[in-house]
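Take the sequence shown: its position 57, counting from 1, is numbered 57 in UniProt numbering, and each next residue is one higher.
Ideal placement from N, C-alpha and C gives every residue a C-beta, glycine not left out.
What follows is a single structure, written as structure tokens, with notes after it.
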Amino acid sequence: AGYETSSTTMTFALFELAQHQEIQEKLRREINSCLVKTEGKLTYESLSEMHYLDHVINETLRKYPPVPTLTRKCTQDYQLRDTNITLKKGTAVIVSVMGLHYDPEYYPNPEQFDPERFSEERKSKIHPYTHLPFGEGPR
């Protein structure tokens, strides 16, 4: 974690915004609208009203996760579905975050930069534990 993940995410967000002028303009309108209410001051309240900015950041983290893989350990034996393979308790498992984030079963057109995936109307369709840019659990 630290500043490198933030700066890298910002770089990729700016790259995507430069490639998608319509998304950039929508985000710019939202930011300007929120800042007008606070006389141009960036406050916690104004940031919390920038929902489209949140969508853009989440989509950036989906396409460019700072942590491409996660390592976990089986806490109990686990039979892989439709196989005769059992992962024994204590087995290390590597989860491909990139694989999840680019799986069309979970994210249709995964190569497309689409912040609307994280809109209120659509985010409920995101399968739990398929958006893991920083892993899962308490911070």
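By the neighbour-count definition (other C-beta atoms within 10 Å, threshold 16), Asp114 is a buried residue.
Under the DSSP assignment, Leu47 falls in the alpha helix (DSSP H) whose first and last residues are Tyr44 to Ser48. With contact defined as three or more Cβ pairs closer than 8 Å, the segment 126–138 and the segment 59–74 are in contact. Along the length of the segment 18–74, whole beta strand (DSSP E) runs at least 3 residues long occupy 69–73, reported in chain order. With fewer than three CB-CB distances shorter than 8 Å, the segment 119–129 does not count as touching the segment 69–82. Pairing Thr60 with Glu16 gives a Cβ-Cβ distance under 8 Å. Leu87 carries a strand assignment under DSSP once its states are collapsed to helix, strand and coil. If the five residues before and after Val56 are omitted, its C-beta is found closer than 8 Å to the C-beta atoms of Ala13, Glu16, Leu17, Ile23, Leu27 and Pro115, all from its own chain and listed in chain order.
Relative to the Cα of Val97, the nearest Cα in the group Cys34, Tyr129, Ser6 and Met10 belongs to Tyr129. Ser96 carries a strand assignment under DSSP once its states are collapsed to helix, strand and coil. A Cβ-Cβ separation of about 13 Å leaves Val93 out of contact with Leu100 under the 8 Å criterion.
For Pro133, DSSP records a beta bridge to Gly135.
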